[in-house]
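Numbering (my numbering), first residue to last: 80 to 221.
All C-beta atoms, glycine included, are put in the ideal place defined by N, C-alpha and C.
To start, the structure under review is shown below, and the notes come after it.
Quick look at the structure:
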């Protein structure tokens, strides 16, 4: 069954805008039908070591991938685009987070849906509100 998913994208190394575009292209060629992409915003980093500002966006998409398959796909895309995980919350060429997967609530060893910190992060909530204000209202009233 096709699920509606919301993904957050972020980049603060290299050609940040191009990394976001490439991530979207890769998602499209890996079973994710992108329906809406928010405006790209520049934000200060949250947590981690001192680092440059991020470009962030949120997208709404449809997929037949299971949550676990989508997670594996996003990690694979991050790796393909050159993401290296050396420092927790450190700088990165690309970050792709699964925010929501339909109405699913999931806690597994490596995946928590809805994303546990999304409501606290304005760099997620502002673009999410742009593409789907009703989702934001429902999240903030839970």
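8 Å contact criterion, which residue i and residue j should meet: CB distance rounded
{"i": "residue 137", "j": "residue 218", "result": "Going by Cβ atoms, the distance from residue 137 to residue 218 rounds to 12 Å, so no, they are not a contact pair."}
{"i": "residue 214", "j": "residue 98", "result": "Not confirmed; about 25 Å, so no contact."}
{"i": "residue 156", "j": "residue 109", "result": "7 Å"}
{"i": "residue 206", "j": "residue 118", "result": "7 Å"}
{"i": "residue 149", "j": "residue 177", "result": "6 Å"}
{"i": "residue 128", "j": "residue 166", "result": "6 Å"}
Terminal residues of the beta strand (DSSP E) in which residue i lies
{"i": "residue 196", "result": "That residue, residue 196, is in no beta strand (DSSP E); it is neither H nor E in DSSP."}
{"i": "residue 210", "result": "No beta strand (DSSP E) contains residue 210, which is instead part of the alpha helix (DSSP H) from 201-210."}
Other residues of its chain near residue i: CB distance less than 6 Å, five sequence neighbours each side excluded
{"i": "residue 115", "result": "139 and 210"}
{"i": "residue 180", "result": "82, 84, 146 and 192"}
{"i": "residue 170", "result": "91, 92 and 130"}
{"i": "residue 135", "result": "89, 120, 122 and 202"}
Own chain partners of residue i with C-beta closer than 8 Å, once the 5 adjacent residues on each side are dropped
{"i": "residue 125", "result": "168, 200 and 202"}
{"i": "residue 101", "result": "160 and 173"}
{"i": "residue 103", "result": "88, 113, 116 and 138"}
{"i": "residue 133", "result": "89, 90, 91, 95, 121, 122, 123, 124 and 202"}
{"i": "residue 107", "result": "113"}
Cutoff 7 Å; reference residue i; Cβ partners in own chain excluding five residues on either side
{"i": "residue 208", "result": "215"}
Span of the alpha helix (DSSP H) around residue i
{"i": "residue 183", "result": "Looking at the DSSP string, residue 183 is not in any alpha helix (DSSP H), and its letter there is neither H nor E."}
{"i": "residue 157", "result": "146-159"}
Under the three-state DSSP convention, the category residue i falls into
{"i": "residue 172", "result": "coil"}
{"i": "residue 163", "result": "coil"}
{"i": "residue 190", "result": "coil"}
request  = Quick one: which unbroken beta strand (DSSP E) runs of 3-plus residues sit fully inside the segment 87-136? Chain order, please.
outcome  = 111-116 and 120-122
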